[in-house]
Structures are given as structure tokens and as C-alpha cells.
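Residue numbers (our numbering), protein chains in the order written: chain A, -2 to 109; chain B, 123 to 234.
Think of the CB as a built atom: it goes at the ideal place given N, C-alpha and C, for glycine as much as any other residue.
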Amino acid sequence: KQEVTQIPAALSVPEGENLVLNCSFTDSAIYNLQWFRQDPGKGLTSLLLIQSSQREQTSGRLNASLDKSSGRSTLYIAASQPGDSATYLCAVADTNAGKSTFGDGTTLTVKP
Amino acid sequence: DGGITQSPKYLFRKEGQNVTLSCEQNLNHDAMYWYRQDPGQGLRLIYYSQIVNDFQKGDIAEGYSVSREKKESFPLTVTSAQKNPTAFYLCASSKGRDQPQHFGDGTRLSIL
Chain A
-2 KQEVTQIPAA LSVPEGENLV LNCSFTDSAI YNLQWFRQDP GKGLTSLLLI
48 QSSQREQTSG RLNASLDKSS GRSTLYIAAS QPGDSATYLC AVADTNAGKS
98 TFGDGTTLTV KP
Chain B
123 DGGITQSPKY LFRKEGQNVT LSCEQNLNHD AMYWYRQDPG QGLRLIYYSQ
173 IVNDFQKGDI AEGYSVSREK KESFPLTVTS AQKNPTAFYL CASSKGRDQP
223 QHFGDGTRLS IL
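So, in C-alpha cells, the structure goes:
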């Protein structure tokens, strides 16, 4: 059974700092890995999706990497801003199970 | 604008009552999903459907039921058999199981 772990559970940084969020998974038989942002009481907003054949994806200040062999993905946020404060979740789409498994998320606070 | 609409935003259930959560999408997506989110946790899959008139149980299907009679609609019924229904319920859709998932804004269900 796929298990997805996100470390740390919470992170607080000063504005302007670069930061890395981590996601690890136990089964490398995946279609893709997707990073989401969730604001309090809201649904999820898709940030980046990396297909299993890709190594990284970039969107603006965000860069996500994928290392299937080690079961790891990172989300790099450059020059963080207070508006980046939210919970970030990763989800892995399993080829075997045909569904996605989510981590518990990392709650990021960027202080002005 | 294309998107996913969940209603109602807030819902209250009495003991012994079944309630139905609505999810409608106009993205022409084949796949639809229902997730449950408890405080401080990630998402857990309840049911999913890859095509009309077909659906599969997720990890926590007990006490829930779904139907998929139309491509655009995937309603979730929380039955009286679900003893701990208080949670945030999220609906998602995608073109296929290897494509990005798009989420609605969620329904918060509480017990009276």
C-alpha cells in the first residue's frame, strides 16, 4: 500500500527566504506526483504536476523535482512572500491502484 | 468559466439521517473523486469514478454511497451507517487517472 509522508509538518520562515518542502513515497510505480496549495477552509489549488518520466517542473517561483528511484519529491519556493502562507500537499497517482494517495501536508507561515 | 461546483458549503446532519453532497463539473472530465479531510490531516479517498455508470470504492467507503449517472455529476450520500461523518468533503475531477486533479471548494459537514 502506498504511503506518502511530508516533512516537516509545519515551517515558519521570514519573508524573502528560499525554502524546500519534502515529500516521500514508498511505491515507485506511479503515473505522476502533484503538488497542491490549500488555504484555510478552502479546496485545493494545483501548483505543479510531474509525470513519472520527468525530473522537474517549474512555474514562476516554484520548482518541483521528482526522484522516483529514491521515492522523493521536493517543492522549492524562491523568495518567499507572506501570501505563500498556506498548507502544501503532495499527492502520488499509483499505477497499481489507479488512484491517488495524499500526504498530510506542510503548513507554511511566511512572516513579514 | 469551467470548474467544479460543490454544494452546499455547510451541511448539518441529524442522527439517523442520510444527507447528499452535490458535485458538478463542466470541465468535460471523465474521472471524478470524493475525498474526506479531517483537521490537520491529508485527504483520504472515499469513492472514485473513471467513466459514467461505473465507480470504485476508495480507502474509506464504509457508510458512504455514490452514483454516476451523468458525466457532469457525482453526488455523495453520507448514510446513517457512517458514525463519524463530521469532516470537510472535497470533490475533484480529472481527464484521466494520470492527469491533474482539479478540486471544488468543499462541503463542511457537521452533526447536530
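According to DSSP, residues forming a beta bridge with residue i
i: A/P11; result: A/K108
i: B/R230; result: B/Y132, B/F210
Residue i: contacting residues in chain A (beta-carbon distance under 7 Å)
i: B/P222; result: Q31, S43, L46
i: B/Y170; result: K96
Where the beta strand (DSSP E) through residue i begins and ends
i: B/D220; result: No beta strand (DSSP E) holds B/D220; DSSP gives it neither H nor E.
i: B/T127; result: 126 to 129
i: B/I168; result: 165 to 173
i: B/K179; result: 176 to 179
i: A/N121; result: Nothing about residue 121 of chain A can be read from this structure; chain A reaches only from -2 to 109.
Residue i: contacting residues in chain B (beta-carbon distance under 8 Å)
i: A/A90; result: R219, D220
i: A/Y28; result: R219, D220
i: A/D101; result: G162, Q163, G164
Chain B residues whose Cβ lies nearer than 7 Å to that of residue i
i: A/S130; result: In the structure as shown, chain A begins at -2 and stops at 109. Residue 130 of chain A is therefore absent and cannot be evaluated.
Interface residues of chain A facing residue i [CB-CB closer than 8 Å]
i: B/D227; result: K39, G40
Where residue i falls, given that 16 or more other Cβ within 10 Å makes a residue buried
i: B/L234; result: exposed
i: A/R58; result: exposed
i: B/F134; result: exposed
i: B/R219; result: buried
i: A/P79; result: exposed
i: A/Q35; result: buried
i: A/N29; result: buried
i: A/V83; result: Before going further, note that residue 83 of chain A is Ala rather than Val in the sequence given. It is buried - the Cβ of A/A83 has at least 16 other Cβ atoms within 10 Å.
i: A/V17; result: exposed
Under 9 Å by beta carbon: chain A residues contacting residue i
i: B/L212; result: G40, L41
Chain-ordered chain B contacts of residue i [CB-CB under 9 Å]
i: A/L86; result: G164, L165
(Q) Please list, in chain order, the residues of the segment 154 to 169 of chain B that have any C-beta partner in chain A closer than 9 Å. (A) Of all residues in the segment 154 to 169 of chain B, only Y155, Y157, Q159, G162, Q163, G164, L165, R166, L167 place a beta-carbon less than 9 Å from a beta-carbon of chain A.
**Q.** Residues in the segment 137 to 148 of chain B having any Cβ partner in chain A nearer than 7 Å
**A.** Answer set for the segment 137 to 148 of chain B: empty.
Q) Of the residues that make up the segment 170 to 185 of chain B, which ones have a beta carbon closer than 9 Å to any beta carbon in chain A? A) Under the 9 Å Cβ criterion, the segment 170 to 185 of chain B contributes Y170, Q172, Q178, G180, D181.
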